[in-house]
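See structure below.
Number of protein chains: 2
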Amino acid sequence: MGKSRRAAARRHYARVTISDVAVRAGVSPMTVSRVINSEGNVRDSTRAAVNAAIRELGFSPNRAARSLASASQIQVCLLYANSSSTYLSATLLGALEQVREHDTQLVVAECDGEADAERTINDQLKGGISGVLLVPPLADSLDLLNLLKERDVPTVTIGPQLVGERISSVTIDDRSAARTMTEYLIGLGHRRIGFITGDPKYLVSEVRKSGYRDALEAAGIKWRPELVATGRFSYRSGLDAAECLFALPEIPTAISASNDEMAAATISVAHRRHIDVPGELTVTGFDDTLLATTVWPEITTIRQPISDMSHAAIDLLTRGIRASRAGRDTECEHLTLDYSLIERESSAPPVRRVPRDRIA
Amino acid sequence: MGKSRRAAARRHYARVTISDVAVRAGVSPMTVSRVINSEGNVRDSTRAAVNAAIRELGFSPNRAARSLASASQIQVCLLYANSSSTYLSATLLGALEQVREHDTQLVVAECDGEADAERTINDQLKGGISGVLLVPPLADSLDLLNLLKERDVPTVTIGPQLVGERISSVTIDDRSAARTMTEYLIGLGHRRIGFITGDPKYLVSEVRKSGYRDALEAAGIKWRPELVATGRFSYRSGLDAAECLFALPEIPTAISASNDEMAAATISVAHRRHIDVPGELTVTGFDDTLLATTVWPEITTIRQPISDMSHAAIDLLTRGIRASRAGRDTECEHLTLDYSLIERESSAPPVRRVPRDRIA
DNA sequence: TGTGCAGATGGTAGCGCTAACATTGGCAAA
DNA sequence: TTTGCCAATGTTAGCGCTACCATCTGCACA
């Protein structure tokens with residue numbers, strides 16, 4: 483009695499604890515603990531009773547107590563640089579959700595490009611970080627990955643799957659996505675399809691271009707170098723690339739840009755030249771950022787499941803850290819999630835008289 | 483010895499604890515606790531000794547243990563709906579930082595507009611939420627604020643300061659910001675200044691318009707209703723509003739939009755009409771979202787310190803929750819942070835021959 | 001019938017910290 | 001001096017959970 487009175491004085495509001503559940507289910511707290519951690523060696527009937535008690539009491543475990551007792555405080559650092567805010571917010575949302583699930587602490591750090599990344603990582607490591615999550619474009623930096631590997635810091639990247647590097651990654655199949663987009667344009671009836679690449683210094687730019695070429699080849703359309711303009715992922719670079727394409731003796735009937743910003747820039751240039759989109763020109767993007775639905779017409783694009791990706795990345799990272807702490811060997815995993823083609827207003831068949839046929 | 487061996491077995495990596503610091507400083511663990519929580523009643527010399535020990539040992543408190551012992555698990559819910567991702571990511575960044583500081587849990591929840599908000603809040607409350615942070619445009623909903631007040635849920639809003647409502651808020655002075663922007667345009671030499679409002683259903687739209695009128699009046703420029711077009715904060719609505727302004731017998735020399743999206747739309751319409759920005763038309767935005775630096779020319783706009791605002795909001799919220807748990811009465815506070823005018827490429831004096839004079 | 005063993009469960013002792021109370025020493029008022 | 005009191009510090013007992021081991025049960029096998 484004395485104990486419970488004191489306990490009540492300490493506690494700010496009545497909270498259901500594991501012991502309450504244990505009493506209700508007629509087992510020991512330890513068994514309840516085993517059930518909520520889905521460990522083995524619990525009889526089904528016991529498990530059911532405990533679960534019922536948990537439900538009836540509306541019990542949810544105290545995270546602080548759990549991580550204190552299991553001494554498993556995990557802090558992961560999400561490192562970014564120049565990421566678009568759309569990307570960042572979606573990433574954060576996914577990460578936050580999963581981080582809660584795993585009772586992990588999330589620290590978000592920005593750095594000024596790759597050069598600065600090493601310093602930032604050192605700082606964070608000193609601060610007690612147990613793992614790092616890299617988002618594009620940092621995920622594309624071999625130097626950085628090597629550094630992290632040397633230091634033996636558990637790392638997961640969102641983005642390119644750098645084969646040979648023993649670092650887990652979560653990505654979509656960019657090549658296949660670019661191919662899907664190009665096939666979609668071909669299906670619409672386009673034959674003269676322009677392409678705006680991303681910044682050549684990032685791997686993903688080359689990969690997306692390959693997807694475009696794959697689709698052309700598969701459809702028996704000759705690949706023409708003059709239809710490929712080099713961009714750098716920025717709106718500004720999209721403006722220039724689009725101008726190149728418009729300067730061609732014969733303007734393409736469709737332009738597929740390697741991201742939404744360059745697609746938006748292409749639409750803007752088209753409008754300035756009084757070319758109707760999609761009436762006279764189809765424009766498509768990539769990434770499905772906010773911009774794709776901001777501009778008018780809204781852009782047909784490829785959506786990456788960004789939140790799901792960071793969700794999965796945190797899961798991978800946390801499990802990896804736990805495994806390595808438990809002395810188990812960690813396999814590095816590469817997850818590829820599904821993308822989808824989002825059809826909007828910026829795409830149509832090359833000529834108006836053909837009725838617009840939608841893709842499934 | 484037996485004890486420490488067992489402890490070592492439990493712990494995954496050696497960690498400096500408060501007791502280590504206490505031994506080093508020659509005091510009791512409790513005194514160390516008092517120092518790190520900056521409580522009173524500690525002699526300066528003792529405090530110095532403890533701080534030295536902390537530094538030498540590189541001690542940092544275990545958050546889990548702390549929140550377990552103080553039974554002060556605080557979970558705050560950041561509730562948003564239709565927020566732009568720029569806004570959201572900046573808000574998240576600020577909130578995450580402060581949440582870490584306070585050892586508070588952050589739960590982020592999205593809801594489908596105000597109607598859905600009540601349900602979401604109920605769910606979250608059931609999940610053990612101890613406070614709510616509302617970001618625009620939800621922060622503008624009186625119904626929602628009333629609901630939260632009735633339920634006695636500690637709440638802080640980022641955005642409009644709803645006087646009379648006993649709910650804390652963090653905001654910038656929108657009226658003054660809009661006035662500053664208009665004064666900047668007047669200072670540039672503009673006299674015929676168009677204005678595109680935000681969605682009339684949000685308070686902030688009216689407030690920003692008032693700032694615009696304030697500046698005109700102060701400069702002795704007659705306010706003309708035909709120069710004010712109604713937008714709804716979206717790119718699309720900006721397109722329409724800009725068309726209205728361009729349909730005027732005499733086109734304004736500057737257009738001040740109530741956010742960046744509508745400013746970007748205005749630029750796009752201008753380009754379509756072969757009106758040079760800023761040569762023939764100055765366009766300004768509001769918010770300094772990513773879009774402002776994405777389009778070309780980059781947009782002169784008002785920057786809100788979004789991260790600082792959410793940082794402050796979490797601080798307010800956490801302190802409020804602690805105070806109310808400790809039985810202290812909570813004063814509701816209204817913080818107003820500073821905005822700044824960011825001058826970029828979309829603004830210039832009305833005629834080319836006048837040299838461009840910059841604002842401080 | 002006894003032995004061994006594995007699976008299921010319980011008991012104990014902390015994880016690192018702080019609330020609450022106990023104690024100490026010093027100094028002003030009586 | 002004695003009393004009283006307050007500021008500075010220490011002691012104790014948990015916060016809610018889990019690692020580790022002990023125990024117990026049932027059952028296959030000798």
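Chain order of the listed sequences is D and X. Heads up: the first sequence is residues 483 to 842, going by the working numbering. Heads up: the second sequence is residues 483 to 842, going by the working numbering. Note that beta-carbon positions come from the ideal geometry of N, C-alpha and C, so glycine has one too. Bear in mind that the values here come from a model prediction, so they are computed numbers and not experimental data.
Does residue i get closer than 8 Å to chain X when you measure Cβ to Cβ?
i, result
"Glu827(D)", "no"
"Val517(D)", "no"
"Thr776(D)", "yes"
"Gly610(D)", "yes"
"Leu539(D)", "no"
"Tyr694(D)", "no"
"Ser542(D)", "yes"
"Glu743(D)", "yes"
"Ala795(D)", "no"
"Asp839(D)", "Per-residue confidence for Asp839(D) stands at a pLDDT of 46, beneath the threshold of 50, marking its modelled position as unreliable; no derived number is given."
"Arg801(D)", "no"
"Ser633(D)", "Looking at the sequence shown, residue 633(D) is not Ser but Arg. Not an interface residue."
"Ser571(D)", "yes"
By the three-class DSSP mapping on this structure, what secondary structure does residue i have?
i, result
"Asp585(D)", "coil"
"Glu688(D)", "helix"
"Phe677(X)", "strand"
"Gly522(X)", "coil"
"Glu825(D)", "coil"
"Gln643(D)", "coil"
"Leu561(D)", "strand"
"Val505(D)", "helix"
"Thr499(D)", "coil"
"Thr712(X)", "strand"
"Gly613(X)", "strand"
"Thr735(X)", "coil"
"Ile703(X)", "coil"
"Ala729(X)", "coil"
"Ser740(D)", "coil"
"Ser651(D)", "strand"
"Ala830(D)", "coil"
Can you check whether the C-beta of residue i is within less than 8 Å of a C-beta belonging to chain D?
i, result
"Tyr666(X)", "no"
"Ala830(X)", "no"
"Gly576(X)", "no"
"Ile824(X)", "no"
"Gln555(X)", "yes"
"Glu521(X)", "no"
"His753(X)", "yes"
"Arg690(X)", "no"
"Arg506(X)", "no"
"Arg582(X)", "yes"
"Leu727(X)", "no"
"Ser566(X)", "yes"
"Val843(X)", "Nothing about residue 843(X) can be reported from this structure: the residues present for chain X run from 483 to 842 only."
For residue i, tell me which candidate among the options has the shortest Cα-Cα distance.
i, options, result
"Glu850(X)", "Ile649(X), Gln643(X), Leu620(X), Pro642(X)", "Coverage of chain X is limited to positions 483 through 842, which leaves residue 850(X) absent and any answer about it impossible."
"Asp912(X)", "Pro543(X), Asn564(X), Thr568(X)", "Look at the range of chain X in this structure, 483 to 842, and you will see that residue 912(X) is not part of it."
"Phe677(D)", "Gln643(D), Arg714(D), Phe541(D), Val652(D)", "Arg714(D)"
"Arg582(X)", "Leu670(X), Ala534(X), Arg657(X), Pro543(X)", "Pro543(X)"
"Val710(X)", "Val590(X), Ala599(X), Ala700(X), Ala736(X)", "Ala736(X)"
"Arg804(X)", "Val635(X), Leu670(X), Gly641(X)", "Val635(X)"
"Ile675(D)", "Leu626(D), Gln643(D), Leu727(D)", "Leu727(D)"
"Ala745(X)", "Ala621(X), Arg545(X), Ala729(X), Glu725(X)", "Glu725(X)"
"Ser515(X)", "Asp526(X), Glu815(X), Val532(X)", "Val532(X)"
"Asp880(D)", "Gln606(D), Thr653(D), Gly610(D)", "Residue coverage of chain D in this structure runs from 483 to 842, which leaves residue 880(D) outside it and unanswerable."
"Asp758(X)", "Arg497(X), Asp625(X), Pro832(X), His816(X)", "Pro832(X)"
Is residue i near the ligand FMN, in the sense that its beta carbon is under 7 Å from a heavy atom of that ligand?
i, result
"His584(D)", "What this structure holds is no ligand at all, so the ligand FMN is not there to describe."
Query raised in the report: At what residue ranges does the segment 744-798 of chain D contain a whole run of the alpha helix (DSSP H), taking only runs of 4 or more?
Result: 772-776
Between the segment 539-556 of chain X and the segment 758-770 of chain X, do at least 3 Cβ pairs fall closer than 8 Å? no
### Query
When the Cβ atoms of the segment 770-784 of chain X are set against those of the segment 594-610 of chain X, are three or more pairs found closer than 8 Å?
no
| query | Can you find at least 3 beta carbon pairs, one from the segment 688-696 of chain X and one from the segment 720-727 of chain X, that sit closer than 8 Å? | reply | no
**Three-pair Cβ contact test at 8 Å for the segment 815-822 of chain X versus the segment 789-796 of chain X** = yes
**Asked** Counting Cβ pairs closer than 8 Å, one from the segment 612-622 of chain X and one from the segment 771-782 of chain X, do we hit at least three?
**Response** no
- prompt: Counting Cβ pairs, one atom from each stretch, are 3 or more of them under 8 Å apart for the segment 731-746 of chain X and the segment 667-684 of chain X?
  reply: yes
Below 8 Å, how does it come out for the segment 666-675 of chain X and the segment 573-590 of chain X: are there three or more Cβ pairs, yes or no?
no
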